[in-house]
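Each residue of the sequence shown is one higher than the one before, counting from 6 in the working numbering. First comes the structure, then the notes that go with it.
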Amino acid sequence: MIPMRRLRENQVMCAAKMLVAAICLLSSPVLGQSQRGKIIDADTREPLEFSSIGVIGKNIGEVSNRDGMFELNVSSLADSDSVVITFLGYEPLIFRGKEFKQKDGSVFTLQPKAKVLRSVEITDQMALVEFGKKDKNKFKGFNGWGGEENAGKGKQLGLLVDVDSEILLNTISIHVEKNTYDSVLMRLHIYALNSNDDPTEELLSSNVLFTVDKHSGWVDIDVRPYRIDVAQDFCITLEWVKAYGKDTKGGMLTFSRMPNKPGISLYRGAFESDWTKQEGERAPAIVIAASQIEALTNNRVLVHRRSASPSHATLTANTAAKPMVSESSTFTDYSAVYKTSGHQKAIGLTKAIKSTEGASGLLSESSDESGTVIHVDKEYSLVDFNFHLRFNTFDSLLFKLCIYQLDDAGAPANLIAAPVEFRIGKKEGWQRINLESYKIVVTQDILVTLRLVDAVSADNKSKDLYFSKAIGTGYRRDIRVGEWSSNTATARALYLNVRD
6 MIPMRRLREN
16 QVMCAAKMLV
26 AAICLLSSPV
36 LGQSQRGKII
46 DADTREPLEF
56 SSIGVIGKNI
66 GEVSNRDGMF
76 ELNVSSLADS
86 DSVVITFLGY
96 EPLIFRGKEF
106 KQKDGSVFTL
116 QPKAKVLRSV
126 EITDQMALVE
136 FGKKDKNKFK
146 GFNGWGGEEN
156 AGKGKQLGLL
166 VDVDSEILLN
176 TISIHVEKNT
186 YDSVLMRLHI
196 YALNSNDDPT
206 EELLSSNVLF
216 TVDKHSGWVD
226 IDVRPYRIDV
236 AQDFCITLEW
246 VKAYGKDTKG
256 GMLTFSRMPN
266 KPGISLYRGA
276 FESDWTKQEG
286 ERAPAIVIAA
296 SQIEALTNNR
306 VLVHRRSASP
316 SHATLTANTA
326 AKPMVSESST
336 FTDYSAVYKT
346 SGHQKAIGLT
356 KAIKSTEGAS
366 GLLSESSDES
376 GTVIHVDKEY
386 SLVDFNFHLR
396 FNTFDSLLFK
406 LCIYQLDDAG
416 APANLIAAPV
426 EFRIGKKEGW
436 QRINLESYKI
446 VVTQDILVTL
456 RLVDAVSADN
466 KSKDLYFSKA
476 IGTGYRRDIR
486 VGEWSSNTAT
496 ARALYLNVRD
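Right, dumping it as structure tokens:
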């Protein structure tokens with residue numbers, strides 16, 4: 006006969022074991038709370054370390070380890086959700102949530118994208134430009150991650166960068182406000198922007214990983230080996246990948262904010278989640294050093310050409326923000342010098358700026374469309390569009406560029422191409438917008454117009470926007486009415502660079 010005391014002890018032990026088993030069962034992937042897998046190269050079968058796994062539009066994400074292994078929490082994954090597995094330089098895999106849940110323990114193979122070796126050769130010295138300044142002890146607040154619950158893999162923060170000419174990136178510097186880890190592995194992202202300033206395509210074709218091992222101060226990232234050139238506004242973001250060690254106060258990594266520097270910062274909580282944008286003095290302290298590639302001429306080499314090979318004598322220029330090189334094109338002869346085809350010239354009102362037109366106040370949306378008649382003597386391909394701002398105190402301006410044919414009476418008729426939207430920052434003077442990727446051809450006199458779509462201000466103070474004017478023929482209309490009125494004395498100061 007078993008003593009009552011021992012029986013009670015056995016009952017307690019049994020209950021404890023059942024409780025432990027229940028806890029293990031609840032935390033087990035058997036119940037579908039997490040999903041495991043491995044990501045490898047389809048050709049070499051080698052693991053792809055630090056691959057990204059995310060759910061479109063949701064803050065659900067993970068980064069694989071050095072062996073390509075990952076474990077993703079899928080407790081809130083709906084059957085209709087889209088799961089994306091990707092690695093820079095590879096074709097992404099996309100699954101519906103229902104299908105992905107059935108692939109626990111699977112090996113996911115990513116196919117490498119067709120690679121294009123890019124050559125950047127300069128026939129004369131490029132000017133050095135800098136976006137931002139490495140001020141010492143002049144910071145205001147911080148952005149970043151504090152505490153284990155906020156330091157999540159795949160989270161990104163960054164800012165928009167305004168450019169007015171083609172540049173080749175040299176170094177990117179970030180200022181660490183506080184780092185309590187031994188080191189943090191980060192990943193750099195550079196995105197093209199759509200007309201709403203939302204990040205779209207990744208401009209990098211390979212992983213750019215760097216380690217933050219300073220407790221504070223500037224961290225410099227040398228990106229020259231990646232040959233990154235951009236010709237329009239873009240954004241830079243920093244992604245948290247992995248942290249190593251932390252002090253007794255807990256983990257924290259924060260980046261300083263630049264004082265008195267309004268900007269647009271971006272943040273998202275996981276790979277493939279939605280972006281959050283903030284305007285005002287919240288931009289992280291990121292400084293970019295670059296080389297300026299000025300207007301292309303006959304004696305300046307091209308960067309990222311379409312359907313080009315060293316055997317061609319002449320090539321067609323193409324300098325869009327995303328490299329526009331066909332998959333069949335591979336540059337292997339780095340000693341070859343490529344030149345533009347055709348003669349380049351400027352047409353329009355480039356000089357004799359006489360006066361200004363514009364307005365003061367808080368502009369939100371304008372119905373005014375105004376432009377200038379440009380005489381065309383033969384067939385040209387458009388290279389870039391240039392216009393002059395005399396005064397501008399807005400932080401960001403979104404414009405729409407339109408090009409019209411003229412009828413027999415010299416009045417505006419039909420559009421010759423789809424309107425081009427572009428955004429500029431707080432700038433004055435001549436503004437240059439690259440048009441080569443749009444492949445617009447003109448053969449006769451045209452009307453080139455600008456319409457302000459949106460104006461952004463970081464504060465509620467009155468702002469100024471004035472365009473410069475020159476001697477020429479201009480047209481103006483209220484798009485709500487549609488009727489054009491002409492002025493044969495003055496027009497907006499603008500011109501086109503073209504190639505025959």
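The beta-carbon is built from N, C-alpha and C at its ideal position, and this holds for glycine as well.
Between Val378 and Ala496, the C-beta spacing is below 8 Å.
One thing to note: Ala47 has its Cβ within 8 Å of the Cβ of Thr114. Per the Cβ contact rule, the region 441-448 is not in contact with the region 413-420 (fewer than 3 Cβ pairs under 8 Å). Counting only runs of 3+ residues, the beta strand (DSSP E) found wholly inside the region 207-251 occupies 214-217, 222-227, 239-251, in chain order.
By the neighbour-count criterion, in which 16 or more other beta carbons inside 10 Å mark a residue as buried, Ile451 falls on the buried side. By the Cβ neighbour-count rule, Leu77 is buried, with 16 or more other Cβ atoms within 10 Å of its own. In the three-state scheme derived from DSSP, where H, G and I count as helix and E and B as strand, Phe399 is classed as coil.
Residue pairing of Ile177 in beta bridges, as defined by DSSP: Ile226, Ile293. Taking all protein chains shown into account, Tyr409 has 16 or more neighbouring C-beta atoms within 10 Å of its C-beta and is therefore buried. Taking all protein chains shown into account, Val189 has 16 or more neighbouring C-beta atoms within 10 Å of its C-beta and is therefore buried.
Shown here for Phe404: same chain residues with a beta carbon closer than 8 Å to its own, the five before and five after excluded, namely Glu426, Phe427, Arg428, Ile429, Leu455, Arg456, Leu457, Val458 in chain order. Under the three-state reduction of DSSP output, Phe276 falls in the coil class, being neither helix nor strand.
Annotation for Leu93: Glu207, Leu209, Ser210, Ser211, Asn212 place their beta carbon closer than 7 Å to its own, counting only its chain and skipping 5 residues before and after. In the DSSP annotation of this structure, Phe92 is not part of any beta strand (DSSP E), being labelled neither H nor E. Asp389 has its alpha-carbon roughly 5 Å from the corresponding atom of Ile438. When secondary structure is reduced to three states using DSSP, Phe260 falls in the strand class. Residue nearest to Pro424 within the set Gln436, Glu433, Leu440 is Leu440 (criterion: CA-CA distance). Residue state for Ser57 is assigned as strand, using DSSP reduced to three classes. CA-to-CA, the gap between Gly487 and Leu406 works out to about 17 Å.
In the displayed model, Glu441 falls within a helix according to three-state DSSP. By the 16-neighbour rule on beta-carbons within 10 angstroms, Ile179 is buried. Under the DSSP definition of a beta bridge, Asp373 partners with Asp483.
A direct Cα-to-Cα measurement between Ser278 and Ile61 gives close to 5 Å. One alpha carbon belongs to Glu54, the other to Gly274, and they sit about 21 Å apart. By the neighbour-count criterion, in which a residue is buried when 16 or more other Cβ atoms sit within 10 angstroms of its Cβ, Gly434 is exposed. Counting of Cβ neighbours within 10 angstroms places Gln116 among the exposed residues, the total staying below 16. Counted as a single uninterrupted DSSP element, the beta strand (DSSP E) harbouring Gly353 occupies residues 349-353. The alpha-carbon separation between Ala83 and Ile484 amounts to approximately 45 Å.
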